[in-house]
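Below is one structure, written out as structure tokens, with a few remarks after it.
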Amino acid sequence: MDLHAKLTRVITSAKILFIVPGYAETKMADIATHANLAVGTLYSLFRSKDDLLKFVFASTLDPTIIDHVQTLPVTPLSDDKLVTHTAEIYQQATHQLHKLTTNYPTDARFSAMLDYLFANFHQYGAYFLILERNPQMSPALLKLYKHYRQQLYTDVAQLLATLVASGEVRYLSHPENDALLIIDQIFWWSAHKQYDSFDHQTNHFDQQQMKNCVIQQLTASYT
């Protein structure tokens, strides 16, 4: 097995276990077993569970960093750099959402917003859930996430109000409530269902098909 495959397997297993049962409850041996690797192999990749956690976060923000690992054990980002990089990613994601009103033609913006939310939660959902399930782990990262999540609710509510005004979606008396509903529904199917729903280990489904189903449902409800 090449290095890329090993790192990918470890990261996938760490994401799952850091969410359920949680970071504190998970041992390096648990991750090795889940990844079907020897414990010694895991420690040859990462010096500690904390180093692995930081790499999980960093590789979620930028999946290409796995391709650039050249020396082992992996040297993770420092706490300060991880916080800075996370803040930058949130800013970029927010800017991307704001551009939906200008980058897409009328009657395509609602669909573009749904695609944006699915893509956002598909990439960053595990990062978000690790922070939610382990709130004492990194106060700085948790604070950033809370601010970003609140900003996301606000921005989607404002975008919905814009779409109402242009006639692209039906009248909404309280767009802020619809923003909560839409975001939380998409987050459920993009992240919670995969990682921490009570039946996530046994209830498998085609993510693309479910995405199409949810988009079809929301589109029929709002347009």
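Basically my numbering = 1-based index in the sequence shown + 27.
Idealized CB from N, CA, C, for every residue including glycine.
Please classify residue i: does DSSP put it in a helix, a strand, or coil?
i    : result
Q97  : coil
L104 : coil
L245 : helix
F45  : helix
Q163 : coil
T53  : coil
A62  : coil
V37  : helix
T111 : helix
L124 : helix
Y24  : In the structure as shown, the chain starts at 28 and stops at 250, and residue 24 therefore has no counterpart that could be examined.
Should residue i be labelled buried (16 or more other beta-carbon atoms within 10 Å of its own) or exposed?
i    : result
F145 : buried
M28  : exposed
K42  : buried
T53  : buried
Y198 : exposed
A153 : buried
T87  : buried
Would you mind reading off the limits of the alpha helix (DSSP H) that contains residue i?
i    : result
V191 : 166-193
L80  : 76-88
R136 : 136-160
N130 : 127-130
M28  : It is not in any alpha helix (DSSP H) - M28 carries neither H nor E in the DSSP assignment.
V66  : 66-72
N204 : 202-214
Contact defined as beta carbons within less than 8 Å: I believe residue i pairs with residue j. What is the distance between those atoms, to the nearest angstrom?
i    : j    : result
L186 : L127 : 7 Å
L158 : L169 : 5 Å
L171 : V110 : 7 Å
L72  : V37  : 6 Å
T129 : V196 : Contact doesn't hold; Cβ gap of about 18 Å is too wide.
Q123 : Y143 : 7 Å
H263 : S40  : The chain is shown only over 28 to 250; residue 263 falls outside these bounds and no answer can be derived.
I93  : H31  : 6 Å
I210 : L179 : 6 Å
A136 : L207 : In the sequence on display, residue 136 carries Arg and not Ala. Rounded, the Cβ-Cβ distance is 19 Å, inconsistent with contact.
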